[in-house]
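Remarks on the structure that follows.
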């Protein structure tokens, strides 16, 4: 698929923001049509001082949380791009990155000023404890 390479570049920015302790959150949004699945939110959590990725899938009537490694999260989220999501938004303290798929399903990355002034609480705790991905 034409967007997979661009999404992999986007994911490198996700990993970099986790390593640099600037990650705030990641959201998959803008679905194709009216779908049951509305959003997926990604946040890091610590389980026994091990970093896990919480993926919260928000459906019309419920939310379902699953825990993954960072690598597993990449494969999970990339499988949802183009089916049903067209946009992934990475919020960091340095900048916001938006991965978008256009009508021809070609991916692009747009950088904007940061929305968040501080990283997520878990990322700050990782930094405090010296936990590196």
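Residue numbers (my numbering): 97 to 229.
Every residue gets a Cβ at the ideal spot worked out from N, C-alpha and C, and that includes glycine.
As the structure is a computational prediction, the values presented were derived from the model and not from experiment.
* Take the Cβ of residue 203 as the centre, count every other Cβ of all protein chains shown within 10 Å, and call the residue buried at 16 or more, exposed below. => When all chains shown are included, residue 203 counts as buried.
* Can you give me the start and stop residues for the alpha helix (DSSP H) that residue 111 sits inside? => Element bounds for residue 111: 100–115.
* Where do the ends of the alpha helix (DSSP H) carrying residue 220 lie? -> In the DSSP annotation of this structure, the continuous segment of the alpha helix (DSSP H) that includes residue 220 starts and ends at 217–225.
* **Inter-stretch contact at 8 Å, needing at least 3 Cβ pairs: the region 114–134 / the region 181–195** => Cβ pair count under 8 Å is three or more, so yes.
* Asked: In terms of alpha-carbon separation, which member of 194, 138, 140 and 134 lies closest to residue 155?
  -> When each option's Cα is compared against that of residue 155, the closest is 134.
* Quick one: what's got a C-beta closer than 6 Å to residue 113's C-beta in the same chain, skipping five residues either side? -> Within its own chain, the residues whose Cβ lies closer than 6 Å to the Cβ of residue 113, once the five positions on either side in sequence are excluded, are 119 and 188, listed in chain order.
* Asked: From what residue to what residue does the beta strand (DSSP E) around residue 138 run?
  -> Segment 133–143, the beta strand (DSSP E) holding residue 138.
* Asked: Helix, strand or coil for residue 209 per DSSP?
  -> The answer is coil: DSSP assigns residue 209 none of H, G, I, E or B.
* In the structure shown, what three-state DSSP assignment does residue 162 receive? -> Residue state for residue 162 is assigned as strand, using DSSP reduced to three classes.
* Among 200, 205 and 127, which residue has its Cα nearest to the Cα of residue 194? -> Among 200, 205 and 127, the Cα nearest to that of residue 194 is on 205.
* Closest residue to residue 207 among 196, 127 and 200 (Cα-Cα distance) -> Nearest C-alpha to residue 207: 196.
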